[in-house]
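Chemist: Below you'll find the structure I mean.
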Amino acid sequence: MEKPITGEKRVFMTGNEVVAWAALAADVDIMYGYPITPQNEIMHYWTRLAPKHGRGFLQTEDEISAGFTTCGGVLSGKRAFTATSGPGNILMQESMTMAEMMRIPTVLVVQQRGGPSTATVIYSQQEVTMTCYGGNGEGLRIVYSTGTHQELFDYTIKSFNIAWKYRFPTFVLGDGYQAKMRESLHIYDPAEKGIKMVETTPFVGLAGTPGVDREPAHLRNTYNTEEELYAVVSDLVAAYEKIAPEIVEYQTFETEDAEVLILAHGIVTRAAQAAVKTLRAQGIKAGHFRPVTLRPFPTQELREVAAKAKKLLVVESAQGQFQKLVKDALYGLSVPMESYFKPGQGITSEELADQIKGGK
Amino acid sequence: MAKLTKLALAGEGGQGVQSVAGIIVEAANDEGREALYIPNFGVEQRGGVSVAYCQISDEKIGSPKFIYADLVIALSDRAVRRTKQYVNKDTVFIYDSSIEDIEKDLPTNAKKVLSIPALETAKKELTPRVFNVIIMGAAIAATGVIDMDGAKKALEKRLGYKFEQDPKLRELNFKALERGAELVKSML
Amino acid sequence: MTAPKMPKSWRAETKPHKFCPGCGHGLILKALGEAIDELGIQDRIVFGCDIGCSLLSWDFFNVDSVQTHHGRTTPVMTGIKRARPDRICIAYMGDGGGYAIGAQHLVNAASRNEKITVILANNSNYGMTGGQMAPTTLPGMKTETSPYGRDPEATGFPTQGPEMVAAITRENAYVARGSVANVRQLKNYLKKALQNQIDGNGFSFVEALSGCPTNWSTNAKDTWNFIEKTMTQYFKVGEVKTPAPKEEKSNG
């Protein structure tokens, strides 16, 4: 069958369309999903394109089902993913927690909207806590916070490889702005860039008769005693901590001599970067540290950079969800920290620059 | 044009605001410039003011939303009231002259406030259906984000299939673009 | 210009409402408003609405109203009714809220014979989110997530909601399917459904065939034809289950 993308080309499209193309390019076999704004168009594009490339789709009865059917698709050995937002993300926590416990390499694309509850369909960064630490688990998840359409494309493809290589549920954390806005990017066939898609293997349904030709797969997520569970969770944590250094990603902007260090993630990084430029032009030594992976968090790297600053400014379109991750990482550091919270609202570079200038 | 240009276009649903915004940014993108466009959206499927936020630059664009626009075009009374918040001393504010009783709601802090007879021109000289194309002409003349050729190319790309069926439409739309630009140029 | 005549239980301050031109919700809610007026129960109603276009009815009536989560209106109204049996609880939702994400709640409320009234607007798509396939999308019907037409082999046939509810309820339930194409009949069904709750009898459920010209991309004539002629090929209008007459009726 013909490849969905050959070579590389510059396109101008919405973020939701980008995700659909990335999944196609990544050889994803099947998508399960349920309507919720602002990510619906991922399904709209997938349902139109997928049949032309022999891929599957099922619209489920709700997000609980979308998450569990995705687990099923992955258990069967196929590249499967789903996408959601807000209240739908809440419902995904049950299945994603099962994936955490059972090491099922699911991929979930989250386009954050306002919260709590139904709130708005528009935008926020208010699903950080839930996406990183939702469910009744220990947050053994891989979470990429994208800020541009190029990243949305790159990291959606990457998430399938990271998930299948390291066997932890993987998330692409976007937002409603990224979902609905149109900007340019380069889409490509991963093979063009030397990216080889990590092989998938079935958990169930392998060849041969169980008990005769091979051992049966007996998969569970229930344990009987405290001691048993402790051993299981310890192993999971150890496995996660072992691979974390290979997965952690972050970016720094003019942090070498920064006195004011802006901490932000996702699309807010664009405002932060622009603010740093503006401030530097005015002689203010501003810098910006951006975690790209919120899980695993670039703790060591942030500590080193933050220790050199005179003041930290945590910026997010939420009421401190990102700050909690930051504080967890920076425990013990005495650098003064301020916050700029705008739950459910976009943040511009002008207001950040004003905020910092006003504070000086 | 190296600097970043920010446009906010607003009107009632059905006035073609999002179409115009989409064509402008695509034209800019096709010319190799950086462009970012995001529509506003709430829960209702219909009704409510439709706002399009466009940014065009030669460098990568920052946040999708902005506080103040370089150009605001408002096509209804609700749109005028809705977009006042994007106006500062550097903003050119254009509204359609057909909007009644709007004087007290107009911004008082803009660089310039222009009333253009886009709807009237459409009705009298062309056809009401190209009202939004006149607005597009006004927008590109007021900002210079793309030139007239680029605009015509973008229109052709979008509506070419309709033009093929009825070549008179091409003339009509191109004329609308030019008239919109003229309306603004005569005032700026 | 004088305002059109509205049911007394309607809230005039929130009119004109926010539904699209040609939407069926306006008609269903008018029938409901008149039913409430004629039964004289405006002061006892608690009205719950779902997510989707039904949420736009949150401030529609002069009754206490709660907008809940998608599919969760049935359990919220159940919770109120269980704690305050004197209230008349109405759960208002669409086909997604009732037959997809809310199906388990609908089934269980019906099975437990909860004394609430569920009213479901069926327009064969998810309207507010932009026209995706719904459990009641017709075979061959194009939606945003069935762009090549719904294939019943792949995704099943349209859900027969009232029939399902009738099958799992017993003799105290009232179940019917009306249509915005016959508002008088719909109002009659709604009154009977509410009366079933007033009498303390049992679960009552009314599905109303409704229109969505915005996502169907149909003009007025085609919208009407779709509701009257096409939808009725898959959804039979009429009463599916009526409770046996009681000698003694007490106010529930």
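Residue numbers (our numbering), protein chains in the order written: chain A, 1 to 360; chain B, 361 to 548; chain C, 549 to 800.
Yeah, the Cβ is synthetic: ideal placement off N, Cα and C, and Gly gets one too.
Here the structure is a predicted model, which is why all the values come from computation and not from measurement.
Whose Cβ in chain B lies nearer than 9 Å to the Cβ of Gly675 (chain C)?
Modeler: Taking the third sequence and counting its residues from 1, one reaches residue 675 (chain C) at position 127. Under the 9 Å cutoff, chain B gives Gln405.
Chemist: Which runs of the alpha helix (DSSP H) spanning at least 4 residues fall entirely within the region 564 to 592 of chain C, listed in chain order?
Modeler: Listed in chain order, they are 573 to 587.
Chemist: At a Cβ cut of 9 Å, what residues of the region 114 to 134 of chain A count as close to chain B, listed as they run along the chain?
Modeler: Thr118, Thr120, Val121, Ile122 and Tyr123
Chemist: Listing by chain order, which chain B residues have their CB less than 7 Å from the CB of Cys568 (chain C)?
Modeler: Counting from 1 along the third sequence, the entry for residue 568 (chain C) is found at position 20. Residues of chain B passing the Cβ test: Gln405 and Arg406.
Chemist: Determine the DSSP secondary structure at Tyr144 (chain A), reduced to helix, strand or coil.
Modeler: Within the first sequence, residue 144 (chain A) is the residue found at index 144, counting from 1. It is a strand residue.
Chemist: Residue ranges of each alpha helix (DSSP H) run of no fewer than 4 residues wholly in the region 683 to 728 of chain C, ordered along the chain?
Modeler: 700 to 703 and 709 to 716
Chemist: Are the C-beta atoms of Phe12 (chain A) and some chain B residue less than 9 Å apart?
Modeler: What you label residue 12 (chain A) is simply residue 12 of the first sequence in a count that begins at 1. Cβ-Cβ to chain B under 9 Å: yes for Phe12 (chain A).
Chemist: On the premise that Ala724 (chain C) lies in contact with Gly786 (chain C), defined as a C-beta separation below 8 Å, what is that separation, rounded to the nearest angstrom?
Modeler: Here the question's residue 786 (chain C) lines up with position 238 in the third sequence. Here the question's residue 724 (chain C) lines up with position 176 in the third sequence. About 7 Å; that satisfies the 8 Å criterion.
Chemist: Beta carbon of Ser184 (chain A), beta carbon of Gly422 (chain B): below 9 Å?
Modeler: Looking up residue 184 (chain A) in the first sequence gives position 184. Looking up residue 422 (chain B) in the second sequence gives position 62. Not a contact, by the Cβ cut-off of 9 Å.
Chemist: Rounded to whole angstroms, what is the Cα-Cα separation between Asp612 (chain C) and Leu575 (chain C)?
Modeler: Within the third sequence, the letter at position 64 stands for residue 612 (chain C). Within the third sequence, the letter at position 27 stands for residue 575 (chain C). Each residue's alpha carbon lies about 20 Å from the other.
Chemist: In the structure shown, what three-state DSSP assignment does Gln59 (chain A) receive?
Modeler: Within the first sequence, residue 59 (chain A) is the residue found at index 59, counting from 1. The answer is strand: DSSP assigns Gln59 (chain A) an E or B state.
Chemist: Quick one: which chain B residues come within Cβ less than 9 Å of Thr771 (chain C)?
Modeler: Mapped onto the third sequence, residue 771 (chain C) falls at position 223. Neighbours of Thr771 (chain C) on chain B: none; closest Cβ ~14 Å, over 9 Å.
Chemist: Determine the DSSP secondary structure at Tyr188 (chain A), reduced to helix, strand or coil.
Modeler: In the first sequence, residue 188 (chain A) corresponds to position 188, counting from 1. Note: Tyr188 (chain A) maps to strand in three-state DSSP.
Chemist: So that I know if they touch, is there some Cβ in chain C lying closer than 9 Å to that of Pro87 (chain A)?
Modeler: Translated into the one-based positions of the first sequence, residue 87 (chain A) becomes position 87. True, the Cβ-Cβ gap to chain C drops below 9 Å.
Chemist: With distances taken between CB atoms, is the gap from Val314 (chain A) to Tyr331 (chain A) smaller than 9 Å?
Modeler: By 1-based counting over the first sequence, the position of residue 314 (chain A) is 314. By 1-based counting over the first sequence, the position of residue 331 (chain A) is 331. Cβ atoms of Val314 (chain A) and Tyr331 (chain A): not closer than 9 Å.
Chemist: Please state the DSSP three-state secondary structure of Gln282 (chain A).
Modeler: For the purposes of this step, residue 282 (chain A) is taken as the residue at position 282 of the first sequence. Three-state result, Gln282 (chain A): coil.
Chemist: What does Asn469 (chain B) reach in chain A if we use C-beta pairs closer than 9 Å?
Modeler: In the second sequence, counting from the first residue as 1, residue 469 (chain B) sits at position 109. Chain A residues near Asn469 (chain B): none, gap ~16 Å exceeds 9 Å.
Chemist: Sorry if obvious, but does the Cβ on Met1 (chain A) come closer than 8 Å to a heavy atom of the ligand MG?
Modeler: This structure lacks the ligand MG; in fact it carries no ligand of any kind.
Chemist: Could you pull out every unbroken alpha helix (DSSP H) segment of at least 4 residues lying fully inside the region 20 to 50 of chain A, listed in chain order?
Modeler: 40 to 49
Chemist: Whole beta strand (DSSP E) runs in the region 241 to 312 of chain A with 3 or more residues, listed along the chain?
Modeler: 250 to 253, 260 to 263, 286 to 291 and 293 to 295
Chemist: Cα separation between Phe609 (chain C) and Trp558 (chain C)?
Modeler: Stepping through the third sequence from its first residue, residue 609 (chain C) is reached at position 61. Stepping through the third sequence from its first residue, residue 558 (chain C) is reached at position 10. Distance between the alpha carbons of Phe609 (chain C) and Trp558 (chain C) is about 4 Å.
Chemist: Which bits of chain B does Thr762 (chain C) rub up against, with CB to CB less than 9 Å?
Modeler: Your numbering for residue 762 (chain C) matches position 214 in the third sequence. The contacting residues are Gln405 and Arg406.
Chemist: Met689 (chain C) versus chain A: which residues are under 9 Å apart at the beta carbon?
Modeler: Position 141 of the third sequence, counted from the first residue, corresponds to residue 689 (chain C). Taking the beta carbon of Met689 (chain C) as reference, no residue of chain A falls within 9 Å; the closest one sits roughly 13 Å away.
Chemist: Contact between the region 143 to 163 of chain A and the region 366 to 386 of chain B is defined here as three or more beta-carbon pairs at a separation below 8 Å; is this criterion met?
Modeler: no
Chemist: Determine the DSSP secondary structure at Leu431 (chain B), reduced to helix, strand or coil.
Modeler: Here residue 431 (chain B) refers to the residue found at position 71 when the second sequence is read from its first residue. Correct three-state label for Leu431 (chain B): strand.
Chemist: Would you kindly check if the distance between the Cβ of Ala682 (chain C) and the Cβ of Ser727 (chain C) is under 9 Å?
Modeler: Counting from one through the third sequence, the residue named residue 727 (chain C) turns up at place 179. Counting from one through the third sequence, the residue named residue 682 (chain C) turns up at place 134. In this structure, Ala682 (chain C) does not lie closer than 9 Å to Ser727 (chain C) by Cβ.
Chemist: Taking any Cβ of chain C, which residues in the region 30 to 52 of chain A have a Cβ under 9 Å from it, in chain order?
Modeler: Gly33, Tyr34, Pro35, Ile36, Thr37, Asn40, Glu41, Met43, His44, Trp46, Thr47, Arg48 and Pro51
Chemist: Can you list the residues of chain B that Thr348 (chain A) reaches, using a CB-CB cut of under 7 Å?
Modeler: By 1-based counting over the first sequence, the position of residue 348 (chain A) is 348. Neighbours of Thr348 (chain A) on chain B, chain order: Ser423, Lys425, Phe426 and Ile427.
Chemist: For Ile267 (chain A), go through chain B and note every residue whose CB falls closer than 8 Å to its CB, in chain order.
Modeler: Taking the first residue of the first sequence as position 1, residue 267 (chain A) is located at position 267. Going along chain B in sequence order, the residues near Ile267 (chain A) (Cβ under 8 Å) are Ser423 and Pro424.
Chemist: Starting from Met181 (chain A), follow the beta strand (DSSP E) in both directions and report where the run begins and ends.
Modeler: As a position in the first sequence, residue 181 (chain A) is number 181, starting the count at 1. Where Met181 (chain A) is concerned, there is no enclosing beta strand (DSSP E), because DSSP gives it neither an H nor an E.
Chemist: Hey, could you find the ends of the alpha helix (DSSP H) Leu742 (chain C) is sitting in?
Modeler: As a working mapping, residue 742 (chain C) is identified with position 194 in the third sequence. First-last of the alpha helix (DSSP H) with Leu742 (chain C): Val731 to Ile746.
Chemist: Can you find the residues in the same chain that come closer than 7 Å, C-beta to C-beta, to Lys78 (chain A), ignoring five residues on each side of it along the sequence?
Modeler: Start at 1 with the first residue of the first sequence, and residue 78 (chain A) comes out as number 78. Excluding residues within five positions, the ones whose Cβ falls inside 7 Å are Asp29, Ile30 and Thr200.
Chemist: Note down, in chain order, each residue of its chain lying with its Cβ closer than 6 Å to the Cβ of Lys360 (chain A), except the 5 sequence neighbours on either side.
Modeler: Walking along the first sequence from the start, residue 360 (chain A) turns up at place 360. With a pLDDT of 49 at Lys360 (chain A), under the threshold of 50, the predicted position of this residue should be treated as unreliable, though the coordinate-derived value follows. Closer than 6 Å at the Cβ level, and outside the excluded window around Lys360 (chain A), lies no residue.
Chemist: Does the region 264 to 281 of chain A come within contact of the region 300 to 316 of chain A, defined as at least 3 CB pairs closer than 8 Å?
Modeler: yes
Chemist: So, is Ala207 (chain A) buried or exposed, given that buried needs 16 or more other C-beta atoms within 10 angstroms?
Modeler: Mapped onto the first sequence, residue 207 (chain A) falls at position 207. Burial check for Ala207 (chain A): the Cβ neighbour count within 10 Å stays below 16, so the residue is exposed.
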